[in-house]
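Take a look at the structure set out below.
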Amino acid sequence: MYESGGLPLLTLFTFAPVLGTLVLLLIPSRRADIIKTVAAAAAAVPMLVGFYVFWVYKDTGELQYRESLLWIDGLNVYYRLGIDGISAPMVVLSGLVGFIAVVASWGIEKQIKGYFALILLLLTGMNGVFVALDFFLFYVFWELMLLPMYFLIGIWGGPNRVYAAIKFFLYTMAGSVLMLVVLLACWYWSDGRYATNDVSALNRRIELRQEELGEAAADQADVLAMQAERHALLKALNDAREAILKRRFDAGEAIDKAGTMAPESQKRRILKAYGVEWTPDIDAQLAAAHEIYPSLGGIGMSEDERGLLLAEANIELERTFDLLELKERYGLFLGKFVLFRFLGPRSFAALMFIFLFVAFAIKVPVFPFHTWLPWAHVEAPTAISVILAGILLKMGVYGFLRVSYGLFPTMAVAYAVPIAMLGVFNILYGACCAMAQDDMKKLVAYSSVSHMGFCMLGMAALTTWGLTGSILQMFNHGTSTSMMFLLVGVIYDRAHHREINKFGGLAKVLPVYTGVMTLALFASMGLPGLSGFISEILVFLGSFRSKLGSLGGISRPEVSFQSLTVLAAIGVVLTAAYLLWMMQRVFFGPLNEKYKDYSDMNGREIFTLAPLCIVVILFGVYPQPLINLTTQSVAKLQRHVLDSRGIAGSGEKDRYADADEESIEQPHAPAPLATRAPKAKLAAQPDAPAGSPKAPEAAPAPSLIKEAQAERPEPLTLQTGDREGAPPGELAAAR
Amino acid sequence: MNWSQLNELLPIGVVLTTSLVVVFLSLVLAPKDRYVLSLVGVAGCILGLLALGKNYHALAAEYGQPPVFFNGLARVAEGAYNPVLLGGAFVVDGFGMSIMAVALLAGALALLCTTPHEDDSALSTGEYFGLILLAVAGMMLLAVAHDFLTLLISLEVMSVATYILAGSARRDVRSGESALKYLVLGAFSTAFLMFGIAFLYGATGSLAMQAPLVAGEHLPLVKAALALILVGVLFKVGAVPFHSWVPDVYEGAPTGITALMAVGVKAAAFAVVARLCFEAFNMVKELPKVINGHRFIEIVYPLREGWLSLFAVLAILTMALGNLLAMHQNNVKRMLAYSGIAHSGYLLLAFLVTPKAGGAEITQHLQAASFYLLAYGVMTLGAFGVLSLMREDGRPMEKMEDFTGLAKEHPALALCMAVFMLSLAGMPPFAGFFAKFLVFKSAVSSGYAWAAVLGILTSVASLYYYLRVVVRMYMAPAGAEGEPAPARCRYAWTLNLLIYGTGALTLLLGLLPQWLSRLY
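In the order they appear, the protein sequences are chains A and B. Using the working numbering, you'd call the opening residue of the first sequence number 9 and step up by one each time. Using the working numbering, you'd call the opening residue of the second sequence number 179 and step up by one each time.
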């Protein structure tokens, strides 16, 4: 069912390309012109949807444009699509870069029909990943993308294409398999029969064990584990009850909207869409939900009252693949342990987080899982390199934000420093490797490794600026690297090689090309005024402010992220070094006589690059529209992750004491980035609740950069709301 | 006896009749018209499928749905469908019907694989087609056999026919080798089975599937009997350590017969595994409790308790060994044989249940197993179909190299082959992925997560050798000897049609798996 009525926008976004594939298969291979036109038309649909989303989408932190349809009955698998502020920029990026890549493939001569059929299939897979809300569906799209990519590299690639294709395929497949394990495990653990009996039984077990152990009990691992489990249980009970009531509430609203006189079949359909079972007295139940839910929603109800309400509940949760639902149930994963014969019990959540980390890290790619990338990039045809760097790599970071951070928020906090360290290593290692390359494409490939490190760093920092910067970096790197790959393709089409040292003085014969290349390089380098700058500076500021974790037990937790940020900043210098050096060798110096007859870029090449140039300059000067797409969702994700510490149990609390203090100092909820007026101090806006869907429209030009440069002393981290009540009483008792 | 019950066995009757018709028809047909025989045989298979579908619909209309799996312990409610036929000799339940359908599909492909211009005259005699149909009938009987006597007879009907068929390419030395190996080892395994059945009869005085229930003080003997029976059945399945015959026999037999063995025989044998696991392995233990003169009994499941881990270990070994050995094969047919072993391992995972599993759980596991069998059947049949089309100057082309450039020469066939390979490897969105997913899911939900994880890992390893075929077809490494020789295929419209059909079905089952599960 399409919940908002009207055109199923995201289905269109996802499946328009594959429809194009089907049409292509009916066209005879010799009509190359028709094939290309159809392919471009099919790829233009997602781009238009992307533009539409960019204009119309108002971020509220909730999933929008949702569609849901039962897909596989017995397994509770749904076809669920939707976008929020994290996926919206990716939708825009994927639509744009996908179309450009199709147009940039005009020069393909070998098996044109197969090529365009596959590239359209590839677009479907990638678009699907960015909008899927069901873990199963997400996985299917994730894998679906793999096959066409494999063939595109393996058939249309360079001399080493088969090796590159297989390497790409096996690396990614290894990652997806780990994801499959997580998928199965999360599905399996996502059910639960939680009654208050379970909690009291646990209480008894804890008491017994404590008696047995005597004084030392408080530190015993199994007691701590049981306590953590108890917290998880309580939280799960609460969440489950709320989720069920919320669903019923929503279903009731939807039925009201349909009108009380609506036919019963329609009512049933609505109920099914909300996952509510039909029973004869459903109307009464829905009415009850109407009354209860707002009161559960927090208006004047204390924890105790809530507990009383829950005491009657004996809730049975159905197993599910729904990412949103799983996100709500993350508490279920915390108390679980996986028993290894030799390693002893290991936290289920930690294990799953690591599995997912590897799955997504291979895609990003994070060192040491990056070795497929240079091969794939170098061997792939230009347009495929563009898709690889422009969209595919983003799927990794997107996966982190959507799946890992959603399902295992406590682990995101616990592993923040290691992830950030890997990110910083990526930045430096990628930059150093790039500097050593002679092949232009390989250089750009390694620069991608380096730039994706910024995404990792910003993401790990878990501050508003860090997360925003990370998402922006995904978008900006997507555009600037696409430009670079296209430009390398342009010169390769003329020279049939990419050796940096064999060029020289090209600026004289190819002025337009040189100009565009300069723009791309500067954007990638992070020159102020171009898009790369905004995201990098946001990542730096965000990670510098992060107070998660500590290196080697240093008492000041902020030191770890601060030192990492300083290291990361070296990466910017290295980036400038390798890019400028490359530029110098290719465009300046004496002109290589071989190249003096080269024609400058033709119309098609300019056509593919022009939109990216506009985007790079536009979002460099005025990034606010892009930031507006994400603010509320970033705030929500951040809240979700940081709040989870409250129930993470035992030892975590003290370590993050400082970070909490900061939040508590400011009980008011600050306005999200987008809505902050340029000069207003945070304290002056006590009344704008974070996450409120009706946040005031953006004030004109609140230029983030200016704020950043002014080094305002206030903590700009978006707060997590009222945190005083957050650590449950149980936890205090446990300590 | 209620003769109307025989209606449920009509599909088997149709196939048996067709086999006789084919044999007699071969006497009157001129040798060059022998291809008509295979078409008649296929028509018989289609008729059988139609009869099966009609029966199913009739049952669905009358009783709702037939039970997925009939457990001999269950009491059939008044007015509900009673699947027990002929005094307990057969039981036609949903699971049995799905296995019958797989056997019929396999038979149709085996018939078509050897159609028109086969050079070996032995392959196109009437007996050859008759025997294929007889083997199919045996498989169908095995799928619904419900006591040990019918089980043995139908197993032998199936096996003897396949022994002969494996050796039917008389001019080919490998075919003879294949037949001999199959015969000797097969007879050996049947001996185990018969010993088991004899022990069981000696201990309990019954040949019914539930005979072990009345083991009484002969429990040790019954356990030994069940172990022997299991050996006999696992041999047919091709599970480690009873797998060694598989590669040689599969490689040597004519391709159509290999497909029949890889799909039909395996499906039928798994039907027996299911009947054994979920029905025969129940035993009653008397409890010392006596209340009001009633003695209390408890049903224990020896397989589920003591032997379950053994089953899991066998499954893992089968998967690992099959996949590892398949990697080094240069002959695609032999590679598919090893991959068949690996798939038996995955299938065995579906039979891991929690010790006290109830009806609903068993149903889920069986649904996973039968979906897997159907998906595996469809894609393996397709792959063997493509393989049997590939020949040059009457010489079958089965080597990896022979696939070089197939994508250029025959794009549609290559596409289908790629789909089969990727589906066998378990890539979404094809049927193979969903089948594996269901099996792993059922293993996880009965507490065998480690087995599932190992299974997933071996399935990644399997990707390597499936991809080798795809690489050969689509991206043959830039020639050391210049342009690679294009692969040659003969053309047979019926077989091509069947291959496209299975290709489409592979995709369809992956996209809409619930379409099938509605049948239950």
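Beta carbons: idealized from backbone N, C-alpha and C, even for Gly. No experiment lies behind these values; they were computed from the predicted model shown.
What's the call for LYS757/A, buried or exposed, on a 16-neighbour Cβ count within 10 Å? An answer regarding residue 757/A cannot be provided, because it is not within the stretch 9 to 743 covered by chain A.
Would you kindly check if the distance between the Cβ of THR573/A and the Cβ of PHE595/A is under 8 Å? In this structure, THR573/A does not lie closer than 8 Å to PHE595/A by Cβ.
Between the region 167-181 of chain A and chain B, which residues of the former have CB atoms less than 8 Å from a CB of the latter, in chain order? Here the close residues are PRO167, ARG169, VAL170, ALA173, ILE174, PHE177, LEU178, MET181.
Distance cutoff 8 Å, beta carbons only. Does PRO606/B sit that close to anything in chain A? Interface criterion met: the Cβ of PRO606/B is under 8 Å from a Cβ in chain A.
List the residues of chain A that TYR652/B touches, going by C-beta distances under 7 Å, in chain order. The answer, in chain order, is PHE159, GLY162, ILE163.
Which value, in whole angstroms, describes the spacing of the CA atoms of SER568/A and LEU436/A? Rounded to whole angstroms, SER568/A to LEU436/A spans 17 Å at the Cα level.
Got a sec, what are the start and stop residues for the beta strand (DSSP E) ILE80/A sits in? For ILE80/A, the enclosing beta strand (DSSP E) has its first and last residue at 72-80.
Between VAL638/B and LEU129/A, what straight-line distance do the alpha-carbon atoms span, to the nearest angstrom? The straight-line gap from Cα to Cα measures roughly 23 Å.
Comparing the CB of LEU225/B with every heavy atom of the ligand HEM, is any distance shorter than 7 Å? For the structure depicted, the ligand HEM is absent and the ligand set is empty, with no information on it obtainable.
May I ask you to verify whether the region 386-395 of chain A touches the region 360-378 of chain A, counting CB pairs closer than 8 Å and requiring at least 3? Fewer than three pairs of CB atoms, one per stretch, sit closer than 8 Å, so the region 386-395 of chain A makes no contact with the region 360-378 of chain A.
Using only the alpha-carbon positions, how far apart do TYR86/A and ALA503/A sit? CA-CA distance, TYR86/A to ALA503/A, rounds to 50 Å.
Only counting the same chain, and skipping five residues up and downstream in sequence, which positions put a Cβ closer than 6 Å to that of VAL441/B? Excluding residues within five positions, the ones whose Cβ falls inside 6 Å are ALA284, GLY555, THR558, LEU559.
Just to confirm before moving on: does the CB-CB distance between LEU385/B and GLY410/B stay below 8 Å? Their beta carbons are not under 8 Å apart, which means LEU385/B does not touch GLY410/B by this criterion.
Interface flag, GLU387/A vs chain B, CB-CB below 8 Å: For GLU387/A, no CB of chain B lies under 8 Å from its own CB, so it is not counted at the interface with that chain.
Please say whether ASP142/A and GLN692/B have beta carbons closer to each other than 8 Å? Not a contact, by the Cβ cut-off of 8 Å.
Burial state of TRP423/B (16 or more Cβ within 10 Å): Buried, because 16 or more other Cβ atoms sit within 10 Å of the Cβ of TRP423/B.
Since SER623/B meets chain A, which of its residues come closer than 8 Å, beta carbon to beta carbon? The contacting residues are TYR196.
Among the residues of its own chain, which have a CB less than 8 Å from the CB of LEU215/B, if the five just before and after it don't count? Cβ neighbours of LEU215/B beyond the five flanking positions: VAL200, LEU203, SER204, LEU207, SER302, GLY304, PHE307.
Leaving aside the five residues before and after GLY604/B along the sequence, list all residues of the same chain whose C-beta is less than 6 Å from its C-beta, in chain order. Within the same chain, Cβ atoms closer than 6 Å to the Cβ of GLY604/B are found at GLY610, PHE611, LYS614, SER637, the five residues on either side in sequence being excluded.
For the alpha helix (DSSP H) that contains ILE174/A, what are its first and last residues? 169-197 is the extent of the alpha helix (DSSP H) around ILE174/A.
Any C-beta of chain B sitting closer than 8 Å to the C-beta of VAL189/A? Closer than 8 Å: yes.
Near LEU282/B, which residues of its chain fall below 6 Å by C-beta distance, leaving aside the five closest residues on each side in sequence? For LEU282/B, same chain residues with a beta-carbon under 6 Å away, outside a window of 5 residues either side, are CYS223, GLY226, LEU227 in chain order.
Boundaries of the alpha helix (DSSP H) in which GLY90/A is found, first to last residue: Here GLY90/A belongs to no alpha helix (DSSP H); instead the beta strand (DSSP E) covers 85-91.
Give the residues of chain B in contact with GLU151/A, contact being defined as C-beta atoms less than 8 Å apart. Result: MET605, PRO606, PRO607, PHE611.
Enclosing alpha helix (DSSP H) for ASN636/A [first to last residue]: DSSP places ASN636/A inside the alpha helix (DSSP H), whose first and last residues are 632-651.
Compare the C-beta of LYS359/B with all C-beta atoms of chain A and state if any pair is closer than 8 Å. With 8 Å as the cut-off, LYS359/B does not count as an interface residue toward chain A.
Output the distance between the C-alpha atoms of VAL452/A and TYR282/A, rounded to the nearest integer angstrom. Distance between the alpha carbons of VAL452/A and TYR282/A: 47 Å.
Quick one: does ASP608/A have its CB under 8 Å from some CB of chain B? Output row for ASP608/A: interface = no.
Please list the terminal residues of the continuous alpha helix (DSSP H) segment that includes PHE144/A. The continuous alpha helix (DSSP H) containing PHE144/A extends over residues 143-164.
How would you label GLU395/B, buried or exposed, when you count the other beta carbons within 10 angstroms and need 16 or more for buried? With fewer than 16 Cβ atoms within 10 Å of its Cβ, GLU395/B is classed as exposed.
How would you write the range of the alpha helix (DSSP H) that ILE545/A sits in, first residue to last? Where ILE545/A is concerned, the enclosing alpha helix (DSSP H) starts and stops at 539-553.
What separation, rounded to the nearest whole angstrom, lies between the Cα atoms of VAL432/A and MET460/A? In a straight line, the C-alpha of VAL432/A is about 10 Å away from that of MET460/A.
Could you have a look at ARG212/B and say whether DSSP puts it in helix, strand or coil? Looking at ARG212/B - three-state DSSP - the assignment turns out to be coil, as it is neither helix nor strand.
Mapping DSSP to helix, strand and coil, what is ASP67/A? Coil at ASP67/A, not helix or strand.
Based on the DSSP secondary-structure assignment, which residues constitute the bridge partners of PRO25/A? Note: PRO25/A is not bridge-paired with any residue in the DSSP secondary-structure output.
Across which residues does DSSP place PRO574/B in a beta bridge pair? The partner list for PRO574/B (beta bridge, DSSP) reads ARG569/B.
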